[in-house]
Amino acid sequence: MNQKNFIVRKAAVLGAGVMGAQIAAHFANAGVPVVLFDLPAKDGEANGIVVRAIDALRKLEPAPLAAGDRAALIEPANYGQHLERLAGCDLVIEAIAEKMEWKLDLYAKVAPFIAPHAIFASNTSGLSIDRLAGALPEALRARFCGVHFFNPPRYMQLVELVACGATGPRLLDDLEGFLTTTLGKSVVRALDTPNFIANRVGVFAMLAAMHHTERLALGFDVVDALTGPAIGRPKSATYRTADVVGLDTMAHVIRTMHDSLPEDPWHRYYRSPAWLTALIDKGALGQKTRAGIYRKEGRQIQVIDLATREYRASAGELDPEVAAVVRIRNPAEKFEKLRAHPSVQAQFLWAIFRDVFHYCAVHLGAIADNARDVDFAMRWGFGWSQGPFETWQAAGWQAIAQAVREDIDSGKAMAQVPLPSWVFDGRAGVHGPHGSYSASAGTDRPRSALAVYRRQLFPERVLGETQDTGITVFENDAVRMWHTGDDIAIVSLRSKMNTLGPDVVEGLLEACERAQADYRALVIWQPRPPFSVGANLAALAPAVQAKDFAGLEKAVARFQQMTSRIKYAQVPVVAAVHGMALGGGCELAMHCARAVATLESYFGLVEAGVGLIPAGGGCKEFGCK
Ligand code: NAD
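Going by the working numbering, the sequence shown opens with residue -9, and the numbers climb by one from there.
Pasting the structure below:
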């Protein structure tokens, strides 16, 4: 069937392990019914493995299910009894253990049951999509590709799409549309190279961190303190991330790199260190076995000590001098100081940045179409606030290039391969208004023109890209009212965490007035979450301290006037919510004609928890929507 629109009425996930069960949960979150398969259980009920996996979803943190009752959309099945159920699925995702032979065996078993119009995709972390496709009948090969979710799939934005040689022309476009609009994911197209983009760079970054951890004799907990939020990366940093992923899966990914990239200049680093193998041998596989690099003993978090291989209390902290350097706002100054600083922690940080810059520049042409794909893959797949190329560009392209070259020449870098010549062609970076550099094409590439992106007025941008910021109606320090050239006005807050202080309240009142006069509707929208964490209590504190209760009452009354004005406005006011809408922020949304919220929105009149009665008018709105 060659229909115009690709619609997923029902999906199937093969494999109810860490990833498969959570991918199924996310389909359920999006309201898509899903059949979850695994091997028939050896004892007890045949669906036992899947039933237990669905049960475990309710207990897992962070929660894979948006609400417990969503699990009802997941139908347990096993390969022994239920293969014919595949025929009713528009999309089938394979997520069994990362072993080529096991996957190929399973493909031979399921292929005859997959509907002729369905897309069949593997969630492999980096096995060759072409080799996997080889096990399929030719017709199904054209419907096959890689669809690489990241862990945890509900929360990690990235999905990498990978074509095999036979993948039909429209298939990835169709899947990209579905993943973006229905599942709320961000897609990067990767090439069929080992571990694709994010894991290739991200696992190298972890291997580089492991190498320098041992070289500089740092604790895993110290390295996690250094490689987390201090440098714009998630709290799980390096080693806690490995625990979340699963140390055995991590070792598989490293092995894939070792086995499939013999010519890579960094090949000798593609090995699991001895301490990692020892943990795996002990069955300490990370979060899924409740012990890995870290474990919890009573209330204490413990970490493996590199020297003794015993667990000890985790206590890693940043050296205050290094903390001061990483806080420097100017990236050029920060990197210069980091490189020159004598402390072991600073040397560690410079070394991991340098080796990742070096690695990305050398491999760009082979692993990605362009530098934007690498940066987005690292932001969305590993939660880095900036990708490696953006970080390099922000710190001064040529200065960093020079520093990396010096370290390669003096033998400090992990590999001696020179930086490619395009790095030194006088450029100021790889991202610019015309697109991002493609080393394989030798030119800049613009963004994807797929129809699905025409719906996104403000897609995430990489550093150096221009952003259309709309036409301002009025703005001050508290709010900006603007539009995109039509008759719908937007108001965005400018306060910290989008709190609602007196100036924001006045701004919203004015936006309401102006919207009534000149526009068809008003949307309250923030470019970045949260929607609003509520009243600006710091702004009210002086009145409380001075016991100026009349002043306080006036402020509360004004807030209530604002929410009432929104409720009774002559044009609809719509709250577009992403992230937290707490306290006054929740009340603001409650007074809007509609609140349109993304899945990851968190509403709450949290002040009730500390015994305060919400004062913005929210209490009278209960039951209204
Ligand atoms: P897992 O070990 O948690 O689960 C694997 C599942 O495969 C189990 O349910 C098991 O019953 C099933 N299985 C094992 N052998 C089988 C066989 N011979 N035939 C059929 N089923 C079999 O693994 P996981 O971490 O969920 O990984 C699944 C896939 O997702 C792998 O390809 C992995 O590379 C990929 N992946 C993992 C992560 C991650 O962070 N764990 C992230 C992205 C992608």
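Glycine included, each C-beta is placed from N, C-alpha and C at the ideal position.
All values derive from a computational prediction rather than experimental measurement.
Same chain, Cβ closer than 8 Å to Ala31, neighbours up to 5 away in sequence not counted: Asn37, Gly38, Ile39 and Asn68
Ile44 beta carbon less than 8 Å from that of Leu73: no
Buried or exposed (CB count within 10 angstroms, at least 16 for buried), Met(-9): Residue confidence is low: Met(-9) scores 48 on pLDDT, short of 50, so the model does not pin down where it sits. No coordinate-derived value is stated.
Cα-Cα separation, Leu354 to Phe338: 24 Å
Inter-residue Cα distance where the pair is Val212 and Ser485: 34 Å
Simplified DSSP state of Gln406, which is helix, strand or coil: coil
Boundaries of the beta strand (DSSP E) in which Pro492 is found, first to last residue: Run containing Pro492: none in the beta strand (DSSP E); it sits in the alpha helix (DSSP H), Pro492 to Asp508.
Per DSSP, the bridge partner or partners of Thr462: Trp472
DSSP-derived helix/strand/coil call for Ile556: helix
Exposure of Lys(-6), with buried meaning 16 or more beta-carbon neighbours within 10 Å: exposed
Secondary structure of Trp374, DSSP reduced to three states: coil
Any non-hydrogen atom of the ligand NAD closer than 7 Å to Val235 Cβ: yes
Val82 and Asn141 closer than 8 Å at C-beta: no
Minimum length 3: unbroken beta strand (DSSP E) runs contained in the segment 379 to 439: 425 to 428 and 433 to 435
Beta-carbon gap between Lys175 and Cys79 smaller than 8 Å: no
Host alpha helix (DSSP H) of Tyr97 (start-end): Met90 to Val100
Any non-hydrogen atom of the ligand NAD closer than 7 Å to Thr114 Cβ: yes
Delimiting residues of the beta strand (DSSP E) encompassing Met570: Val563 to Leu572
Cβ-heavy atom distance, Trp92 to the ligand NAD, below 7 Å: yes
The ligand NAD heavy atom lying under 7 Å from the CB of Glu622: Limits of the chain in this structure are -9 at one end and 615 at the other, which puts residue 622 out of reach.
Residue(s) in a DSSP beta bridge with Cys135: Ala111 and Ala153
Spatial distance of Arg230 from Asn19 (CA atoms): 26 Å
Minimum C-alpha distance to Lys89 - residue among Tyr349, Gly416 and Gly5: Gly5
Val494 CB to nearest heavy atom of the ligand NAD below 7 Å: no
Heavy atom of the ligand NAD within 7 Å of Gly192 beta-carbon: no
Coil, strand or helix - Ala232 by DSSP: helix
Segment contact flag, the segment 197 to 217 with the segment 371 to 389, C-beta cutoff 8 Å, min 3 pairs: no
Nearest-angstrom Cα separation, counted from Thr172 out to Val(-2): 9 Å
Thr239 CB to nearest heavy atom of the ligand NAD below 7 Å: yes
3-residue-minimum beta strand (DSSP E) runs that sit fully inside the segment 234 to 317, ordered along the chain: 284 to 287, 290 to 294 and 301 to 303
Contiguous alpha helix (DSSP H) assignments of at least 4 residues, all confined to the segment 333 to 377: 334 to 357 and 361 to 372
Cβ contact check for the segment 413 to 432 and the segment 440 to 455: 3 or more pairs under 8 Å: yes
Nearest neighbour of Ala195, chosen from Ala232, Ala501 and Val178 [CA to CA]: Ala232
Cβ pair count under 8 Å reaching 3, the segment 214 to 222 against the segment 394 to 401: no
Range of the contiguous alpha helix (DSSP H) that encloses Asn189: Ala188 to Arg205
Cβ contact check for the segment 574 to 586 and the segment 553 to 562: 3 or more pairs under 8 Å: yes
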